[in-house]
Structures are given as C-alpha cells and as structure tokens.
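The structure under discussion appears below in the form of structure tokens.
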C-alpha cells in the first residue's frame, strides 16, 4: 500500500470516528433541547438542512479533504437533530396502552427499511449514476420522506 492511500485511509478512519462521536454527543444534546424547543421543529429544521447540505455537495464545490470533513461533521450534527427527536415524536403518535409496542414496531421498521437496505440502495445508485455524488441523492430522498412523515403525523 502506498503512503498516499495509507494516509487517506487513516484520515477516513479519523473522520469516521469524529463524525460518530459528534453524532452521539449531539443526539444527547438535541434530546435535552426538546424540553425547550418543539421536537417537530427540530425534525423539520434537521431534515431541511440535510437536504440543503446534500444539494450543496452536488454543486461544483471542489472536492477536498477539508470540504469532506466539514460535510461529514455537519451531517452528523444535523442527523443527530432528527435522531434525537425521532423516538419522541413516534412515541407520542400512539395511545399510552400500546405506546411501547407501537414505538418499537415503528422504530424497528424504519431501521430495517432505511438502515439495513441503505448499502443495497447506495450501491444501486452508484451503479445507476456513474458519479461519486450518488449517496447525496439518497440523503435528499430520505430528507423529503422525513419531512412528509412529519407533516402527516400532524402532532
């Protein structure tokens, strides 16, 4: 392995570690913010800004390690905003008698559809669209789905 690819791989591992650490800490922080700010508002804000961030990535911004680092950290923060409020909102969609079962079913269905199928969807997008920006389309589509679901719940 050349030193360039080894250096890039080390940077990718560092960036991944920092992004997931940021995601975990920010999820706890945004979870606490739901005491003061509406969870639906945070979901709207998070999904809209994820859409805009993905759209920015699709534009002609130069692909550098600095831009990729900022993109990953911003994405982690914005995903944490939605992640922190997701279970709170779906928990309040069900009456108290079936709240735990309904929340568990909805949460696990969402994880199964979008988490487990994400690699297959992203690989299909990458094969269909011969560019590196194919994952951004997945981010934009899931952001729109999140917005529509937040509108439909109406609570």
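In our numbering, the protein residues as written are 1 to 155. Backbone N, C-alpha and C fix where the C-beta goes; we use that ideal spot for every residue, glycine too. Computed from a predicted structure; not experimentally measured.
Per-residue DSSP class, three states only, for residue i
{"i": "residue 161", "result": "The chain is shown from 1 up to 155; residue 161 falls before or after that span and cannot be answered."}
{"i": "residue 138", "result": "helix"}
{"i": "residue 94", "result": "coil"}
{"i": "residue 38", "result": "coil"}
{"i": "residue 129", "result": "coil"}
{"i": "residue 146", "result": "helix"}
{"i": "residue 25", "result": "helix"}
{"i": "residue 64", "result": "coil"}
{"i": "residue 77", "result": "helix"}
{"i": "residue 59", "result": "coil"}
{"i": "residue 123", "result": "helix"}
{"i": "residue 53", "result": "helix"}
{"i": "residue 117", "result": "coil"}
Buried versus exposed, by CB contacts within 10 Å (16 or more), residue i
{"i": "residue 146", "result": "buried"}
{"i": "residue 21", "result": "exposed"}
{"i": "residue 28", "result": "exposed"}
{"i": "residue 19", "result": "buried"}
{"i": "residue 113", "result": "exposed"}
{"i": "residue 12", "result": "exposed"}
{"i": "residue 152", "result": "exposed"}
{"i": "residue 93", "result": "exposed"}
{"i": "residue 17", "result": "exposed"}
{"i": "residue 75", "result": "buried"}
{"i": "residue 42", "result": "buried"}
{"i": "residue 90", "result": "buried"}
{"i": "residue 103", "result": "buried"}
Residue i Cβ short of 7 Å to the ligand SAH heavy atom set
{"i": "residue 56", "result": "No copy of the ligand SAH occurs in the structure displayed, which carries no ligand at all."}
- [ ] Spell out a yes or no on whether the stretch 70-87 and the stretch 32-49 are touching, meaning 3 or more CB-CB pairs, one atom from each, closer than 8 Å.
- [x] Yes, since at least three Cβ pairs between the stretch 70-87 and the stretch 32-49 fall closer than 8 Å, the two stretches touch.
Open item on the list: Across the stretch 63-83 and the stretch 42-54, are there enough close Cβ pairs to call them in contact, namely three or more that are closer than 8 Å?
Closed with: Segments in contact, yes.
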